[in-house]
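Structure first, commentary second.
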Amino acid sequence: MKNINFIFLSLMWFTLLITGCGKASTNETSADKEAVSAVSSSLVNRADDGRIIVGISMPDQQLERWNRDGAFLKSEFEKYGYEVILSFADNLIDKQISELRNMIDEGVDLVVVSAIDGGTLSSVLDEASQAGVKVIAYDRLLMDTDVVDYYVSFDNYIVGELQAKYIIDALELDASDETRNIEIVTGDPVDNNARYFYNGEMDTLAPYFEEGKLNIVSRQKDFYVTATGTWSTEIAQQRMQIILNSYYKHNRLDAVVCANDSTALGVVNAIKSDYSQDNKVIVTGQDADVKNVYNILSGNQSMTVFKALENEAIVTVDLTRAVLEGGFSDEKLIEESGWDFECRYDTTSYNNGRKNVKSYLLIPKALDSSNIKKELFDTGYYTYDSNGNIVLGE
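And the structure:
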């Protein structure tokens with residue numbers, strides 16, 4: 255089902271073009287009339303052909319998770335006969351804008367957008383709205399726009415809480431008055447989620463800083479000071495190497511709270527190469543990427559926050575069906591869905607600078623060596639191939 259408004263505007267433009275050409279030549283041919291008729295007929299037929307087209311715009315393919323998100327979403331939409339246009343923007347904002355514009359030109363009914371920078375897409379999203387295209391922000395909130403209809407994500411504040419609580423328990427902070435040293439590695443500052451992760455971490459750890467049970471030797475605590483551009487493993491590794499060589503030649507580092515697995519990977523590499531003390535450093539993460547699962551199993555990374563991406567895709571697809579085909583698109587969607595995972599409807603927590611965006615928030619899980627086999631392998635999310643390598647399950 256092509257978008258009616260888009261087709262109508264296209265038809266108007268084409269008609270005006272033909273009319274303008276007619277002023278230059280009064281000898282309108284029968285071929286001209288047939289061309290107009292043929293295009294008009296084609297557009298109307300496309301509007302009524304029963305097709306539903308969904309665009310999926312992912313930020314990049316460098317992080318393992320976005321490949322999985324794209325694959326899960328495409329597969330779920332196609333189960334219901336939807337046509338899918340899937341694109342990856344290679345972390346280039348201009349490319350993402352161009353790809354979204356192409357989707358609008360192709361007549362998509364709805365776009366699912368995970369933005370590189372949530373504050374840079376307002377103009378192209380206005381174009382989508384004018385064409386009658388619905389917009390779902392996926393995993394990353396779209397900022398400074400009125401036209402985003404829904405937001406589907408995991409509860410990002412809880413992600414930070416889980417990471418912080420793991421450190422509190424692992425260091426036994428509630429049972430001791432000893433001061434422990436911690437460092438902070440935050441995510442990409444242009445990713446709105448990074449702030450929620452950081453707030454969840456720091457709000458949970460705040461009492462322990464105030465009581466003197468936690469200390470940051472480097473004094474690098476501010477969100478922007480601890481941020482990691484593009485969630486880069488290399489940037490995280492370089493920063494941690496500098497910190498270790500500057501502050502921990504003679505000090506003990508007890509924990510590093512890393513916002514996600516790509517930054518955790520860099521921190522683990524830095525600890526291996528540049529940390530000379532003999533204690534095990536607690537390192538958190540998020541996403542359960544394959545390399546990090548190996549590190550957890552080998553004891554080099556302590557934990558990761560797992561977000562079942564196929565469940566996020568299921569919520570997105572069911573919400574899309576409700577929006578485009580008629581159905582509940584509020585808390586009743588959760589009640590009627592029959593989902594076997596936890597999700598809550600929220601209308602107050604996520605403000606994008608223009609409005610509170612209606613949100614569906616899934617609940618993540620903390621994984622470590624004690625439960626990673628049960629949650630990832632016994633469920634079939636990961637498996638081993640014939641060479642013994644960890645691979646995504648079927």
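Numbered according to the working numbering, the sequence shown spans residues 255 to 648.
For every residue, glycine included, the Cβ atom is placed at its ideal position computed from N, Cα and C.
Verify whether the separation of the beta carbon atoms of residue i and residue j is less than 7 Å.
i: residue 401; j: residue 614; result: no
i: residue 537; j: residue 556; result: yes
i: residue 386; j: residue 442; result: no
i: residue 372; j: residue 396; result: yes
i: residue 467; j: residue 498; result: no
i: residue 314; j: residue 356; result: no
i: residue 576; j: residue 560; result: no
i: residue 567; j: residue 326; result: yes
i: residue 513; j: residue 440; result: yes
i: residue 516; j: residue 487; result: yes
i: residue 563; j: residue 305; result: no
i: residue 416; j: residue 620; result: yes
i: residue 454; j: residue 491; result: no
i: residue 404; j: residue 573; result: yes
i: residue 354; j: residue 378; result: yes
i: residue 501; j: residue 535; result: no
i: residue 413; j: residue 618; result: yes
With DSSP as the reference, identify every bridge partner of residue i, one or two as the case may be.
i: residue 522; result: Residue 522 pairs with nothing; no bridge assigned.
i: residue 615; result: 407 and 598
i: residue 468; result: 434
i: residue 309; result: 339 and 365
i: residue 389; result: 365
i: residue 622; result: 557
i: residue 637; result: 645
i: residue 509; result: 436 and 536
i: residue 447; result: Per DSSP, none; premise fails for residue 447.
i: residue 606; result: None; residue 606 has no bridge partner.
Quick check on the burial criterion: 16 or more other C-beta atoms within 10 angstroms. Buried or exposed for residue i?
i: residue 640; result: exposed
i: residue 527; result: exposed
i: residue 634; result: exposed
i: residue 473; result: exposed
i: residue 539; result: buried
i: residue 643; result: exposed
i: residue 409; result: buried
i: residue 450; result: buried
i: residue 343; result: buried
i: residue 350; result: buried
i: residue 448; result: buried
i: residue 335; result: exposed
i: residue 586; result: exposed
i: residue 368; result: buried
i: residue 638; result: exposed
i: residue 363; result: buried
i: residue 399; result: buried
i: residue 533; result: exposed
i: residue 465; result: exposed
i: residue 324; result: buried
i: residue 432; result: exposed
i: residue 429; result: exposed
i: residue 332; result: exposed
Using a Cβ-Cβ cutoff of less than 8 Å, which residues in the same chain neighbour residue i once the five nearest sequence positions on both sides are dropped?
i: residue 281; result: Its pLDDT being 41, under 50, residue 281 is placed unreliably in this model, and the coordinates cannot settle the point.
i: residue 584; result: 599 and 612
i: residue 459; result: 418, 421, 422, 436, 468 and 511
i: residue 623; result: 550, 551 and 553
i: residue 578; result: 255, 306, 363, 364 and 388
i: residue 605; result: 611
For the putative contact between residue i and residue j, defined by C-beta atoms under 8 Å, what is the C-beta separation to the nearest angstrom?
i: residue 505; j: residue 435; result: 6 Å
i: residue 366; j: residue 307; result: Actually they are not in contact, since the Cβ atoms of residue 366 and residue 307 sit about 12 Å apart, beyond 8 Å.
i: residue 597; j: residue 569; result: 6 Å
i: residue 358; j: residue 382; result: 5 Å
i: residue 318; j: residue 645; result: About 12 Å; that fails the 8 Å criterion.
What residues in its chain sit with their C-beta under 6 Å from that of residue i, if we drop five residues either side in the sequence?
i: residue 495; result: 524 and 528
i: residue 462; result: 427 and 468
i: residue 631; result: none
i: residue 452; result: 440 and 477
i: residue 648; result: none
Excluding the 5 residues flanking residue i on each side, which residues of the same chain have their C-beta closer than 7 Å to its C-beta?
i: residue 549; result: 522 and 555
i: residue 602; result: 610
i: residue 565; result: 595 and 616
i: residue 478; result: 443
i: residue 394; result: 368, 369, 372, 445, 446 and 447
i: residue 296; result: A caution first: residue 296 carries a pLDDT of 33, below 50, which makes its placement in the model too unreliable to give a value.
i: residue 590; result: 582
i: residue 629; result: 560, 619 and 621
i: residue 330; result: 567, 568 and 571
Using a Cβ cut-off of 7 Å (strictly closer), state whether residue i contacts chain C.
i: residue 442; result: In summary, chain C is missing from the structure at hand, where a single protein chain is found.
Using a threshold of 6 Å, is the CB atom of residue i nearer than that to any non-hydrogen atom of the ligand SAH?
i: residue 643; result: You won't find the ligand SAH in this model; it holds no ligand whatsoever.
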